[in-house]
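Under our numbering, the first residue of the sequence shown carries the number 1, and numbering increases by one thereafter.
The beta-carbon is built from N, C-alpha and C at its ideal position, and this holds for glycine as well.
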Amino acid sequence: KISSKDDAVKLVRYLVSRKVDQVKVGYGFSPELLSVISTESHNAGLQVTSHVTISARDAVASGIDCLEHGTGVVQALVDEAIMAKVYQTSGIEKRTTCAFHLMRTVGFADLAAYLVDRGTRIVPDFILWAVAGSKRRNQYDLETLGVLKNQELSYIPHGRYFWWLKQNQHFWLDRRSLGETSDLRLKTLQDGYRRYQDFIAMFVERGGRIITGTDTGFMLPGLSLHHELQEM
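The structure is reproduced here in structure tokens:
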């Protein structure tokens, strides 16, 4: 567990000694600790990627080179007071990707320029949100079923099998805020997903670089990469 700057330095130096290719930081770190980790990693010639729970601006200002799952974008484009309510509402997924629909489009251009100017990369992981928000979600369900019907995959645990088949879609659909119907939840996810895609498109059009990823494990390996490319 990292609780101090010294802890962060020691762990990065340990990872460097193990000859890792890059450093990934999980969620929950303050900008101060992210800065220490980034500085130490950069001094060793390593890039830093992160699943952040703070604003993308703050994360990049702290030295983060890549935003996993597009995290931080929501926090950077939703007013702090509204974001505080999002975290307090029991029915909303706390990774905040269910709050894409709350992002202020008026801030897209400024944030995209900020990230591009600093050479930030983004792993959008479109397919994570596409299982509920994309117009192709039924197609993806059918293709996933087609793969999982293969008898040679019968070793897959039933829990994971059904997760890939349908439960991951309901993971998002069931994250309803108070008083929200399932139909409204679906519309909210679809509207938010389009808004997220619009931001990533603007980021790319302005010279930003994106990396293809699917959060394998959460999504069916292999096929989900094809779906990600289709969403791109």
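Asked, Found
"Apart from the five residues just before and just after Ser-35, which ones in its own chain have a Cβ nearer than 7 angstroms to its Cβ?", "Ser-62, Gly-63"
"When you compare only the Cα positions, how much space is there between Leu-128 and Met-103?", "18 angstroms"
"Could you give the distance in angstroms between the alpha-carbon of Asp-99 and the alpha-carbon of Gly-159?", "The residue asked about is misnamed: residue 99 is Ala in this sequence, not Asp. So the alpha carbons of these two residues sit roughly 27 angstroms apart."
"If we require 3 or more residues per run, which beta strand (DSSP E) segments fall completely within the segment 175-205?", "none"
"Thinking just about the alpha-carbon of each residue, which of Leu-189, Gln-230, Ile-200 is nearest to the one in Ala-112?", "Ile-200"
"Looking only at C-alpha atoms, which of Val-116, Phe-126, Asp-79 sits nearest to Val-106?", "Asp-79"
"Relative to the C-alpha of Gln-22, which residue among Leu-11, Lys-149, Thr-53, His-170 is closest?", "Leu-11"
"What does the alpha-carbon distance come out to for the pair Pro-124 and Val-73?", "10 angstroms"
"Should the segment 205-214 be regarded as contacting the segment 154-173, the criterion being three or more beta carbon pairs within less than 8 angstroms?", "no"
"Quick check on DSSP: helix, strand or coil for Ser-90?", "Because Ser-90 sits at a pLDDT of 49, beneath the cut-off of 50, its placement in the model cannot be relied upon, and the following sentence gives the value as read from the coordinates. If DSSP states are grouped into helix, strand and coil, Ser-90 belongs with coil."
"With DSSP as the reference, identify every bridge partner of Arg-209, one or two as the case may be.", "Arg-121"
"Excluding the 5 residues preceding and the 5 following Thr-216 in the sequence, name in chain order all residues of the same chain whose CB lies nearer than 6 angstroms to its CB.", "none"
"From Gly-26, Glu-228, Thr-39, pick the residue whose C-alpha is nearest to that of Thr-71; which is it?", "Gly-26"
"Judging by CA-CA distance, which residue of Gln-230, Glu-32, Val-16, Arg-18 is the nearest neighbour of Ser-3?", "Glu-32"
"Over what stretch of residues does the beta strand (DSSP E) that includes Ser-50 continue unbroken?", "48-50"
"Closest to Phe-108 by CA distance: which of Leu-77, Phe-126, Gly-119 is it?", "Leu-77"
"Give me the Cα-Cα distance between Glu-180 and Gly-28, rounded to the nearest whole angstrom.", "28 angstroms"
"Let me make sure I understand the geometry here. Which of Glu-68, Val-16, Ser-55 has the alpha-carbon closest to that of Asn-43?", "Val-16"
"Helix, strand or coil, according to DSSP, for Met-249 in the structure here?", "Absent from the model: residue 249. The displayed extent of the chain is 1 to 232, so no value can be given."
"Pop quiz: Ser-120 and Asp-65 are said to be a contact at Cβ under 8 angstroms. What is the actual Cβ separation, rounded to whole angstroms?", "A small fix is needed here, since residue 120 is Thr in this sequence, not Ser. The Cβ separation is near 7 angstroms, so the contact holds."
"Only counting the same chain, and skipping five residues up and downstream in sequence, which positions put a Cβ closer than 7 angstroms to that of Ile-54?", "Pro-31, Gly-72, Gln-75"
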